[in-house]
Each structure stands twice: as C-alpha cells, then as structure tokens.
Amino acid sequence: MDIPLTLTLSFGILVMIIALAVSARRLLGVRFGAIRTALAAIMAFALAEPLLSPVLMSFKSTDMQKDPGLGPLWVLVLVVMCIVLIPMVILVVAEALVPPGSIPGPIEFARSLRGRISRARRYSQITRIAFRHGLGPYLRGRGDRLEDRGGRVRLARALRGALDDGGVTFVKLGQVLSTRRDLLPTEFVDELGKLQDHVAPAPWDQIEQVLVAELGGPVDEIFAEFTRHPLAAASIAQAYTARLHTGESVVVKVQRPAIRSVVARDLDIVARLAHTLETKTRWGRTLGMRDLAEGFAVAIREELDFRIEAGNMAAVAASGGGSVTYPSPYAELCTERVLVMQRLTGGPLSGATREQGPELARTLLDCLLRQILLEGVFHADPHPGNIMLLSDGTLGLLDFGSVGRLDSSVRAALQRFLTAMNRQDPLGVTDALLEIVPRPEEIDEAALERAMGQFMARHLAPGTGSLLMFTDLFKIVTEYGLSIPPEVAAVFRALATLEGTLVTLAPGFNLIDEARSFAGGYLAEQLDTTSVKDAVTHEIAALLPMLRRLPRRIERIASAAEHGRFSMNVRLLADERDRRFITGLLHQVLLTVLGATAGIMGVVLLGTDGGPRVMPGVISLYELIGFNLIVISSILVLRVLIGIFRRDRA
C-alpha cells in the first residue's frame, strides 16, 4: 500500500472517529472529557465491524439483478445509527462504573505519587503506634466490651498514648476531642484531657534559619538582645526572650521548621479517615465526621499562621478585660511563622496566696463571661499554663492561638440561656437552648423542657460541682438529637477548662453560683433605665421607615376592599432554581415516556408479519421501522440514564 493511500485511509478513519465522538456527546446532551469521549469513539470504531458484520452478511443473499430501490439506503442509515449507539452505550456504562474524577489523570497521578508514598509511610507508622499501645484488638473488633467501664478506661488510656506518640496533629486532635463531652464518654474526655504537647526543643541553628527567613536579617541586627535558650518548647513553636533596640522586653514565638508539611500530611490522613467513617459507619454519619475533621483542620491551620494569633490578641484586648492584662503584639515584627509580643513579668498561677485566690478567680470568671456574652471574642483555652500571676498581683492572659468568636444572635441566645438558668425557668432555658443549637426536624419540646427542669433542680442547688453539670447537659443534648455548633462547643470547652483553672486557683470555688451572680448583675444592667431607653430608641429608629409607609399601605388596602378590587397575587415557582428543577424533571419524564413508547412500538412492528418489502427476501418496511424505533428508544433511554448518573453525583 502506497503512502498517499495510507494517509487517505488514516485521515478518513480519524474523521469517522471524530464524527462518532461528536455525535455521541451531542445525542447524550452532556459534556464529557475529551480523552473519555475519544476513547469511547475509538472503541466503538473497533467494535463496529464484529458487532454489525452478522447484519451486513445477511444482505449478501439479496438478488442484485433486481433494482433494490431505496431499501439499501435506509438500511445504511440504520447501520450508521447503530454505530453511533455503540459509543453512547460505552459512555453511559463508563459514567456508571468509572465516574469522572474517580481515576486521576496521568499528570495528576505523577504529581500525587510522591504524596502517596509519603502518606503510605505515615499510615504504616501510625499503624505501628496503634498496635504498640494495644489498639490492635480494637481495630480488629476483638477488644474489651465498651459497655464495661473498665474496658472504656483501658481503651481511653491506649488511645491517649497512641495520640501522644502520633505527633503534633494527633495531640491537637486529642485535645479537641477532650472538649466534646457531647460526643465522647466521660472516661475518654478525662483521659484525653491529660494530653500535653511539650516536646524537646529544636536546635538553635534550625530556629535561627526561620528567624532570618521571616524577619529578613540576622537576629543580632533585629534585636538588641536574644536569649538562645528557649523559654518554652511546644510541638508547634518555641518561645524565646529578647529585647528590642528601643528597650522593650519581648517574647519571640518561633514556629518549628518543617512543621507545616507534617501537619498537612496528617490532616490529609485525618480527612480520609473521617470520610471513610462517615461513609461506612452509621455513627460516623450521625456525628458528621467529615464536618468535624474539616473544622479541626481549619483550626489547626489557623494556629500555624501567627498573624492570625496576633490579630486574635488584638481583638481580645480590644474587648476589654478589666484588671486582666493582655500582651500587645508588635505588628511590624509579626509574620506567618514568627510572633513578637510584649513580655509580661510575673510567675505561674500556682504562686497566688490563699487570700488572693477567690478574688482572682472571680476576676477571671467575670472577664471570660464578659468576653463570651458581651463582646463575642473570647480566649478558648484558659488553662493554668496560659494564665500568669503578674508582679502587681493581677492576672495576665497568654497564648491566643485558640480564640472563639460569636455573632450577635448566638450571644443573645446565650444571654437568655444564662438569665433563664438564673431564674430557674425551664421554658426559657429550653427556648434559648433551641436557639443556640440547630433545631432538628422532629423534637419533643415538652419532654426536653421537663428534662431541663430536672437538670436545673439537680444542679442549681448550692455546692453542686459544675463539671458534672456540663456532663449532664451534654447528655441531654445528645439524647434529644441536638448537635452543638463548633463555636458554641468552644464556649463550653472554655468554661470546662476554666472550671479546672478556678479550682486550682481557689479550691472550693463554685463556678455555678458565681455565674448566676454574674447573670443577675447582667440582668440588672439590662433593666437599667438608661439601657432600656437606649434599646427602645434603637428599635424605634429601625422601625421608623416602615411606620412611615404603613398608613399609606393600609389606606390603599382599605380602598381596594371597599370598591371590590381587593385581590392577592401569588407567583408559583418564582425562584429560578425551582423552575429549573421542574423543567429538568419534565424533560426526564418526557424522554422516558418517548423512549418507552418507541421501544414498545418497535417490538410490535418487529413481531408483525407482512408489509411491503424494502429489500426483497431480506427486510420488510415494518421490520426496518421497528429497528429504527428500537435504536431511537435506546438513544432516549441512554440520555435519561446519563442525566440520572450526573444528578446523583451532584
């Protein structure tokens, strides 16, 4: 075969493949990837000859001495339609079995290969850690029965040890889980609360490289003095003391080198595990594991950006704190991996005397409640290590990597919850609780109100421990199918952490009584004449534009009713999304009906004897029309199926 003929045949085959691909995609009415469509067209071209050869062989018996008329042309049209049908079937089957995106392309695969290898190594390391701490039987479903408290305690200890050895991400994950009493049993919460992220400090030469890269110059030029030995070392960062050229003493917080890649890899593993649990377990779907993992990932990524912590520090300081002091950040020296802040002089909280304890505890509680209920920006981790006793006898608050924020509606609901709790009003407490948490579709509000009444009767008596109160409150939330939003969970986490801090500072301090006292004082402030007057003034100012238009609208309505012209216009399907949904549904129903009708008619015609012969001895007109109707029915059915597959995945 000479070269021109080969090129001509190759060009002709290429044109036919392109025509097949374009026709199949056009008839299905859905956009496919170019590679997927081209592969389907090539497979259809390769399969056309073996699939259609039996049909074509039957025409050899035709008497070619007679004029066949237009019969062969109609048969040729039928064959072409069958050939176009083949790539359509391939595309629909591929859509069902291998949806787009389920298999990465060659470029994506090459890019992700290194990450896959690294993730596999990390999976292996995590598995070894889990088995070393005795979690192997639980992973295989042969561990202790969790209905037994002893089994829960052993599992909680093993889990804490495994998370502690797992590194920074898993330590942080355990610390977050230790605050979710609405999700975990008490044994797990208590054990995970013991997790600490103190580790051996990184060498100074590595830390110096981070400082030079972030601050743009040698350490001795940026600072007048810099202590090379760390003041404290944690899993994410290390803190050093220094002095600026202007004379101020500062604390420099430096992120550990290469910590971002470790955290990114572990967060990817956490997200994949959460996806697996939510997909394959009922309890994972109930808890919303993917949302929990996503919220955790957002929180830990924020901790890795010290500019966010500097902003948190400034926001909490701006909210006011009375006699509580906050360090000020030096914004010009704060970067993504370096945080320079004012150094507070003092000692640990344990240095407070017995006489100072109750007053300091009351000051700290008042500060945090005001941050939560009035300002909406609060320190979410007030444990003793983040609080200093300053030289002047006041308190200083440190480490603003974890800061909660509440919008005005949540703050108002929390205020109503606390004031109703102070009045021991079950109805008010229930209404406020249902404003704080997302309301489920079905809930027995009367039973919830009775449960809250019993809860207050049991825990608002003098001398009741607040930790047990939080535990019972979470039990009620879980029992009635209520889910706590992350920002509200941060509030409860902060209060539960604060309770332990207050007990350390002033043994016997009753958080509940003091919180009720704060609620009473807050309520008195709200009922102050000036406050009520200001509130009324603001409401009237907001309602004034509507009140101005109201008389004219009432007059028009009354006039229309008097003259018999009063009417109401209701627009059905006014939303474009509703119209689009109904239109798509009607299209699917219409295509299904047409496809079924064409298929039934085709089968009926194929079973009908007689009729004009399109090609003598080969095929009748009824059979030709029947075959065409079956092909048309197949095209319509495939179009319906591809729409169903795409909509289900969306």
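Mapped onto the working numbering, the consecutive letters of the sequence shown carry residue numbers 1335 to 1984. Built from N, CA and C at the ideal position, the CB exists for glycine as well. Since we're looking at a predicted model, the values are computed, not measured.
Applying the 10 Å Cβ sphere with the 16-neighbour rule, what's the burial state of Arg1486? buried
So Arg1641 and Glu1548 are supposed to be a Cβ contact under 8 angstroms. How far apart are they, rounded? In fact, because the Cβ distance is near 11 angstroms, the residues do not count as touching under 8 angstroms.
Please state whether the Cβ-Cβ distance between Ala1378 and Ile1424 is less than 8 angstroms. yes
Beta-carbon separation of Leu1702 and Phe1712 under 8 angstroms? yes
Is Val1904 near the ligand PLP, with its Cβ less than 7 angstroms from a heavy atom? By its list of ligands, the structure shown contains no ligand whatsoever, and the ligand PLP lies outside what it can speak to.
State the Cα-Cα distance for the pair Leu1833 and Thr1917, rounded to the nearest angstrom. Here residue 1833 turns out to be Glu, not Leu, going by the sequence shown. Straight-line spacing of the CA atoms in Glu1833 and Thr1917 works out to 58 angstroms.
Should Ala1496 and Ala1464 be called a contact, given that it needs their Cβ atoms to be closer than 8 angstroms? Taking 8 angstroms as the Cβ cut-off, Ala1496 and Ala1464 qualify as a contacting pair.
Among all the DSSP beta bridges, which residues are the ones paired with Tyr1574? Val1586
Confirm, please, whether the CB-CB distance from Ala1828 to Ala1644 is below 8 angstroms. no
Could you check whether Leu1673 and Pro1663 sit closer than 8 angstroms to each other, using their CB atoms as the reference points? Result yes, Cβ atoms of Pro1663 and Leu1673 sit closer than 8 angstroms.
Determine which residues share a DSSP beta bridge with Leu1782 and list them. DSSP, once it has assigned bridges, lists no residue as partnering Leu1782.
State buried or exposed for Gly1367, treating a residue as buried only when at least 16 other CB atoms are found within 10 Å of its CB. exposed
Per DSSP, Ser1954 forms a beta bridge with which residues? Residue pairing of Ser1954 in beta bridges, as defined by DSSP: Arg1947.
From which residue to which residue does the beta strand (DSSP E) around Val1771 run? From DSSP, Val1771 is part of no beta strand (DSSP E); its letter is neither H nor E.
Val1870 and Val1744: beta carbons closer than 8 angstroms? no
Can you tell me whether Gln1922 is helix, strand or coil according to DSSP? helix
Given Arg1491, which residues of its chain have a CB within under 8 angstroms of its CB, disregarding the five upstream and five downstream residues? Excluding residues within five positions, the ones whose Cβ falls inside 8 angstroms are Glu1525.
Identify, in the order they occur along the chain, each residue of the same chain with its Cβ nearer than 6 angstroms to the Cβ of Ala1766, setting aside the five sequence neighbours on each side. Ala1747, Arg1750, Phe1751 and Ala1754
Does the pairing of the stretch 1717 to 1733 with the stretch 1626 to 1637 give three or more beta-carbon distances under 8 angstroms? no
Could you give the C-beta distance for Pro1718 and Leu1683, rounded to a whole number, given that I count them as a contact under 8 angstroms? 5 angstroms
Contacts around Val1586, its chain only, beta-carbon distance under 6 angstroms, and the 5 residues preceding and following it disregarded: Excluding residues within five positions, the ones whose Cβ falls inside 6 angstroms are Tyr1574, Ala1576 and Val1674.
Strictly by DSSP, which residues pair up with Gly1681? Leu1723
Below 8 angstroms between beta carbons: does that hold for Val1414 and Leu1972? no
Contact under 8 angstroms by Cβ, Ser1512 with Gly1501: The answer is no: Cβ separation not under 8 angstroms.
Decide if Ala1652 is buried, meaning its Cβ has at least 16 other Cβ atoms within 10 Å, or exposed. exposed
Runs of beta strand (DSSP E) wholly within the stretch 1642 to 1720 (minimum 3 residues, chain order): 1672 to 1676, 1680 to 1682 and 1711 to 1713
When we look at the beta-carbon of Val1597 and count the other beta-carbons within 10 Å, is it buried (16 or more) or exposed? Val1597 comes out buried.
Touching or not, the stretch 1959 to 1979 and the stretch 1919 to 1936, by the rule of three or more beta carbon pairs under 8 angstroms? yes
Using CA atoms only, rank isn't needed, just tell me which of Ala1558, Leu1970 and Arg1455 is closest to Ser1583. Ala1558
Can you give the beta carbon distance from Met1786 to Ile1810, rounded, assuming they're within the 8 angstroms contact cut? The distance from the Cβ of Met1786 to that of Ile1810 is about 7 angstroms, consistent with a contact at the 8 angstroms cut-off.
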